[in-house]
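Down below is the structure, laid out as structure tokens.
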Amino acid sequence: MKTVIKVEGMSCNGCRMSVTNALLRVPGVKSAEVSLERKEAAVEHEASVSPAALKAAVDQAGFKAS
Ligand SMILES: [Cu+2]
């Protein structure tokens, strides 16, 4: 499954890596491609992973997911 979420608050490549790593730590996530320019994250994951869990991980990392 693939879910694309909007991510607010990223300003540099460090932010991008923080968001990427936060998403990769969610169990069931296979890959995460985060774009600074588009302010979004494309996440490849198993069906057991809910969009809410992905957004929560981003929020906990200090950013704003929607
Ligand atoms: Cu940054």
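Every letter in the sequence shown is one number past the one before it in the numbering used here, and letter 58, counting from 1, is 142.
Every residue gets a Cβ at the ideal spot worked out from N, C-alpha and C, and that includes glycine.
Taking buried to mean at least 16 other C-beta atoms within 10 Å of its own C-beta, is residue i buried or exposed?
i, result
"residue 136", "exposed"
"residue 121", "exposed"
Excluding the five sequence neighbours on either side, which residues of its own chain have a C-beta within less than 6 Å of the C-beta of residue i, listed in chain order?
i, result
"residue 93", "147 and 148"
"residue 95", "none"
Tell me whether the beta-carbon of residue i lies closer than 8 Å to the beta-carbon of residue j.
i, j, result
"residue 110", "residue 141", "yes"
"residue 127", "residue 91", "no"
Using a Cβ-Cβ cut-off of 8 Å (strictly less than) and excluding sequence neighbours within five positions of residue i, which residues of its own chain qualify?
i, result
"residue 139", "89, 149 and 150"
Using a threshold of 7 Å, is the CB atom of residue i nearer than that to any non-hydrogen atom of ligand 1?
i, result
"residue 161", "Only positions 85 to 150 of the chain appear in the structure, and residue 161 is not among them; the question remains open."
"residue 146", "no"
"residue 98", "yes"
"residue 95", "yes"
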